[in-house]
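Protein sequences, first through last, are from chains A and B. Its first residue numbered 375, the first sequence is counted upward by one per residue in the working numbering. Its first residue numbered 2, the second sequence is counted upward by one per residue in the working numbering. Here the structure comes first, spelled out in structure tokens, and everything after it is commentary.
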Amino acid sequence: MGGQLRPPAYSAKIPRWSEQTALLWSALTFGIMGKEPDRFNLPDPRGPTLKSIATTYNRGLHRFAVVLACWTFLLIIAGALVTSNDAGLSVPDWPTSFGSLYKIPRLVGGVKFEHTHRMIAQGAGLLTIILAIWTWRAEKRRWLRYLGIAAVVMVIVQGVLGGLTVKLFLPPPVSSAHAALAQTFFCLAVAIAVFTGQKWIEEQPRIEFDQRRPSLFTLTLLSIFVLYVQLILGAMFRHHGMSWWPHVVHAVVVSFVLAWTAIRALTAYPNVEAIRRPAILMIALLIGQLCLGFTAFLTRVAWGRDAVQPELPMVASTVAHVAVGALLLATAVILAIQTWRHVPVAFEERLPQAQRNPTTA
Amino acid sequence: MNRKNWITVSVSVLALSALLALGACSKKENTEQSSNATEQPAAAPAATPIDPATVATVSGTVKFDGTAPKPAKIDMSQDPGCKGTNEAEAVDVSGGDLANVFVYVKDGLGNRTFDVPKDAVVLDQSGCKYHPHVLGVMAGQTVQIKNDDPTTHNIHPTPKDNREWNESQPPSSPALEKTFAREEIMLPVKCNQHPWMKMYINVVKSPFFAVTDKSGKYEIKGLPPGDYTIAFVHEKLGEQDQKVTVAPKETKTVDQSFKAM
């Protein structure tokens with residue numbers, strides 16, 4: 375073709391839907407790290423302004439964020455132990471425990487699980503506040519500072535939901551919201567730990583444009599969505615708000631979507647370590663989670679229906695199922711974040727016909 | 002995969018997820034409806050007089066057909082303050098006689114009203130178990146709840162038609178006094194500190210009820226002559242009804258049996 379179509383400003387493929395989002399994308403992903411923008415034929419977004427927000431790795435802050443993520447995981451296990459031992463109302467009052475804000479009651483029976491959960495939750499609240507203040511003071515990335523504030527808001531809402539579930543005698547929607555928000559907070563804590571990590575700050579992202587449809591990023595979002603629905607269905611079943619079958623049926627949907635996502639990630643981007651590792655972990659966790667779900671179903675639904683009290687096999691399998699579920703959701707979130715960073719979605723430029731042909735311009 | 006296929010798959014996945022979530026919501030509505038009945042009943046009218054010279058008695062034995070299930074063992078080790086018998090009481094069978102069956106006049110009393118007894122019925126917590134395991138009480142009658150254990154319990158009824166509450170009771174604390182306003186059969190009560198502790202309160206409008214003892218026997222006295230439906234309710238084995246006609250001053254034997262489920 376004689377008059378070759380070559381748009382003067384941007385190539386035929388740009389990341390994101392418009393010029394504006396393309397610039398934002400570039401700023402987010404490459405501005406800090408200094409990725410070569412020339413390969414996209416984009417104007418260099420790393421102007422002096424963007425360079426000025428370059429951040430350095432803060433080991434203390436990162437380690438503290440990792441501690442919060444681990445502490446939150448511990449808290450999720452403690453919460454699962456409360457539900458599995460039917461101990462949610464063993465301490466009938468809230469925010470006090472047997473009338474006191476600071477006295478530790480005799481930790482026997484259900485109180486052992488409920489009050490321990492409350493103490494770990496108080497620790498999580500304190501750690502979150504410290505992290506938010508530290509991030510606000512030490513972190514140059516504004517969006518990360520606001521993420522710290524969002525974590526504080528979330529932990530407060532979570533505490534109130536925990537209180538409501540005690541005050542309202544464990545209504546399934548409130549208890550399920552408490553369970554779902556717990557895992558959302560865990561994902562946020564893990565994400566903050568990733569964003570403050572040395573690799574995230576100092577590495578040069580390996581960029582490969584995703585031409586396939588659906589894009590890997592879309593698949594990761596779909597994975598998070600189906601996992602979240604599965605989390606709510608599981609929580610509703612655990613809190614006696616619905617039958618077990620929607621959770622079991624939806625496990626098939628989750629398996630399909632997660633397997634699709636992981637296989638796509640591993641086949642299309644086997645050399646991108648930041649994508650390969652969470653994808654492999656996601657597959658491993660999915661297999662483990664299916665086995666744990668089957669065990670939990672056997673011990674609690676099939677065999678333990680008439681149990682006079684929660685027995686060790688049903689408690690162990692259900693708590694492990696909740697814990698691995700939280701890890702699976704967090705892994706899906708990390709995969710989505712890393713996909714967003716390393717595999718931008720390429721979109722056809724949708725310009726008016728007149729602008730597509732520069733010879734007519 | 003082309004764009005059309007991708008849209009189809011996406012819509013299918015989202016629709017299935019939404020459908021399952023919808024199932025959860027519809028159940029939620031039912032739950033909310035059932036927890037709203039908390040209002041107190043209107044003051045009861047004066048009791049309908051009964052001629053004591055004509056009253057009858059219904060008594061009998063409740064049997065269990067088949068091999069009785071082995072009592073489940075309870076593990077009380079999580080609280081050193083619990084030193085009770087470690088067998089569950091869900092299906093309490095001894096020599097074919099079935100204990101803890103609530104027997105009451107379900108139908109046939111018409112619009113009769115009855116005085117609520119002034120005496121409280123006692124529910125004791127001892128050996129980290131409830132005594133009795135099945136209790137009958139008239140609507141509005143006081144239930145006095147005692148804790149004779151050296152450990153703290155919490156008493157948590159989970160009713161469908163009455164108000165739900167949850168209170169802790171430390172050792173040696175004064176008895177709790179509670180009433181239930183509405184008729185409700187097999188209202189579960191549990192202790193969340195000791196998850197094996199379960200019992201059932203039966204709230205009825207008439208004084209014509211009884212609970213079978215260890216020998217499966219029950220007796221309902223002072224029943225006016227008439228046609229009645231007697232209900233036998235067990236926490237695990239369900240309900241069975243019998244229609245009976247009692248003549249003045251008659252002592253009628255009404256036996257019942259439950260089959261293994």
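Here a beta-carbon is modelled for each residue, glycine too, at the ideal position from N, C-alpha and C. Treat the numbers as computed from the prediction; the structure is a model and nothing was measured.
State the DSSP-derived secondary structure class of V92/B, mapped to helix, strand or coil.
To locate residue 92/B, count along the second sequence from 1; it is residue 91. The answer is coil: DSSP assigns V92/B none of H, G, I, E or B.
I'd like to know whether the C-beta of G239/B is nearer than 8 Å to at least one C-beta of chain A.
Numbered from 1 along the second sequence, position 238 holds the residue referred to as residue 239/B. Not a single CB atom of chain A sits nearer than 8 Å to the CB of G239/B.
Inspect the CB distances between the stretch 641 to 652 of chain A and the stretch 616 to 631 of chain A and report whether three or more fall short of 8 Å.
The stretch 641 to 652 of chain A vs the stretch 616 to 631 of chain A: no contact.
Does any residue of chain A have a CB that is nearer than 8 Å to the CB of T152/B?
In the second sequence, counting from the first residue as 1, residue 152/B sits at position 151. Closer than 8 Å to some Cβ of chain A, the Cβ of T152/B qualifies, so yes.
How far does the beta strand (DSSP E) with K199/B in it reach, from first residue to last?
Within the second sequence, the letter at position 198 stands for residue 199/B. Counted as a single uninterrupted DSSP element, the beta strand (DSSP E) harbouring K199/B occupies residues K199 to V205.
Once you ignore the five residues that flank D150/B on each side, which residues in its own chain have a CB closer than 8 Å to its CB?
Along the second sequence, read from residue 1 onward, the residue named residue 150/B stands at position 149. Counting only Cβ-Cβ distances below 8 Å, and skipping sequence neighbours, we find G82, C83, Q126, S127, G128, C129 and P172.
Measuring straight from C-alpha to C-alpha, what distance separates K191/B and L177/B?
Within the second sequence, the letter at position 190 stands for residue 191/B. Within the second sequence, the letter at position 176 stands for residue 177/B. Their backbone Cα atoms lie some 15 Å apart in a straight line.
Euclidean distance between Cα positions of N37/B and L542/A:
Your numbering for residue 37/B matches position 36 in the second sequence. Your numbering for residue 542/A matches position 168 in the first sequence. Here N37/B scores only 36 on pLDDT, less than 50, and its place in the model should not be relied on; the value that follows carries that caveat. If I take the Cα positions, the gap works out to 11 Å.
Candidates D120/B, E90/B and N163/B: which alpha carbon is nearest P133/B's?
Walking along the second sequence from the start, residue 133/B turns up at place 132. Ranking D120/B, E90/B and N163/B by Cα distance to P133/B puts E90/B first.
Neighbour flag for N167/B against chain A, beta carbons, 8 Å:
Position 166 of the second sequence, counted from the start, is the residue given in the question as residue 167/B. Nearest CB-CB separation between N167/B and chain A: below the 8 Å threshold.
Distance, Cα to Cα, R390/A vs P545/A?
Position 16 of the first sequence holds residue 390/A. Position 171 of the first sequence holds residue 545/A. With a pLDDT of 39 at R390/A, under the threshold of 50, the modelled position of this residue cannot be trusted; read the value that follows with caution. If you take the alpha carbons of R390/A and P545/A, they lie about 43 Å apart.
CA nearest to the CA of M187/B, picked from D108/B, N148/B and L238/B:
Start at 1 with the first residue of the second sequence, and residue 187/B comes out as number 186. The candidate whose alpha carbon is nearest that of M187/B is L238/B.
On the premise that L99/B lies in contact with T213/B, defined as a C-beta separation below 8 Å, what is that separation, rounded to the nearest angstrom?
Walking along the second sequence from the start, residue 213/B turns up at place 212. Walking along the second sequence from the start, residue 99/B turns up at place 98. Taking a contact as a CB-CB distance under 8 Å, the pair T213/B and L99/B counts as one, their CB atoms being some 6 Å apart.
Who are the neighbours of P684/A on chain B, taking C-beta pairs under 8 Å?
Within the first sequence, numbered from 1, the residue matching residue 684/A stands at position 310. Per Cβ cutoff of 8 Å: P196.
Does the distance from the C-beta atom of L321/A to that of T705/A stay below 8 Å?
As shown, chain A starts at 375 and ends at 735. That puts residue 321/A outside it, with no answer to give.
Determine the direct distance from the alpha carbon of Q243/B to that of M493/A, and round the result to whole angstroms.
The residue labelled residue 493/A in the question sits at position 119 within the first sequence. The residue labelled residue 243/B in the question sits at position 242 within the second sequence. It is roughly 54 Å from the alpha-carbon of M493/A to the alpha-carbon of Q243/B.
Would you kindly work out how many angstroms separate the C-alpha atoms of E488/A and G462/A, rounded to a whole number?
Position 114 of the first sequence, counted from the start, is the residue given in the question as residue 488/A. Position 88 of the first sequence, counted from the start, is the residue given in the question as residue 462/A. Looking at the two C-alpha atoms, the distance is approximately 6 Å.
Residue range of the unbroken beta strand (DSSP E) whose run includes M187/B
To locate residue 187/B, count along the second sequence from 1; it is residue 186. Here the beta strand (DSSP E) through M187/B covers E185 to K191.
Along the chain, where does the alpha helix (DSSP H) that runs through R717/A open and close?
Position 343 of the first sequence, counted from the start, is the residue given in the question as residue 717/A. It is Val, not Arg, that sits at residue 717/A in the sequence shown. Element bounds for V717/A: n/a, residue is neither H nor E.
Strictly under 8 Å for the Cβ-Cβ distance: is A232/B near chain A by that measure?
In the second sequence, the residue the question calls residue 232/B occupies position 231. Answer no: the Cβ-Cβ gap between A232/B and chain A never drops below 8 Å.
Residue interval of the alpha helix (DSSP H) (run including A232/B)
Taking the second sequence and counting its residues from 1, the one referred to as residue 232/B is at position 231. Going by DSSP, A232/B is part of no alpha helix (DSSP H) but of the beta strand (DSSP E) stretching over G227 to H235.
For the alpha helix (DSSP H) holding H491/A, just list the boundary residues, first then last.
Taking the first sequence and counting its residues from 1, the one referred to as residue 491/A is at position 117. Per DSSP, H491/A belongs to the alpha helix (DSSP H) from G483 to A512.
Can you tell me the Cβ-Cβ gap for L562/A and M528/A, rounded? I've got them flagged as a contact below 8 Å.
Along the first sequence, read from residue 1 onward, the residue named residue 562/A stands at position 188. Along the first sequence, read from residue 1 onward, the residue named residue 528/A stands at position 154. Contact between L562/A and M528/A holds: their C-beta atoms lie close to 6 Å from each other, under 8 Å.
Classify F630/A as buried or exposed, calling it buried when 16 or more other Cβ atoms lie within 10 Å of its own Cβ.
Locating residue 630/A in the first sequence gives position 256, counting from the first residue. Classification of F630/A: exposed, given that the 10 Å Cβ count is below 16.
Partner residues on chain B for V482/A, Cβ-Cβ distance less than 8 Å
Taking the first sequence and counting its residues from 1, the one referred to as residue 482/A is at position 108. The CB of V482/A comes closer than 8 Å to the CB of Q79, D80, P81, G82, T152 and Q194 in chain B, given here in chain order.
Which residues of chain C have a Cβ atom closer than 9 Å to the Cβ of F472/A, listed in chain order?
Absent here is chain C; the protein component of the structure consists of chains A and B.
Check whether chain B comes within 8 Å of G462/A, counting only Cβ atoms and requiring the distance to be less than that.
Numbered from its first residue, the first sequence carries residue 462/A at position 88. Yes, its Cβ sits closer than 8 Å to a Cβ of chain B.
I need the boundaries of the beta strand (DSSP E) containing V1/B, first residue and last residue.
The structure shown does not extend to residue 1/B, since chain B is modelled only from 2 through 262, so no value can be given for it.
Residue environment, G223/B, which counts as buried when at least 16 other CB atoms sit within 10 Å:
Mapped onto the second sequence, residue 223/B falls at position 222. Around the beta carbon of G223/B, fewer than 16 other beta carbons sit within 10 angstroms, so the residue counts as exposed.
Within its chain, find whatever has a CB closer than 6 Å to the CB of R519/A; leave out the 5 residues flanking it on each side and keep chain order.
As a working note, residue 519/A is residue 145 in the first sequence. So the list reads T509, W510 and E513, once near-sequence residues are dropped.
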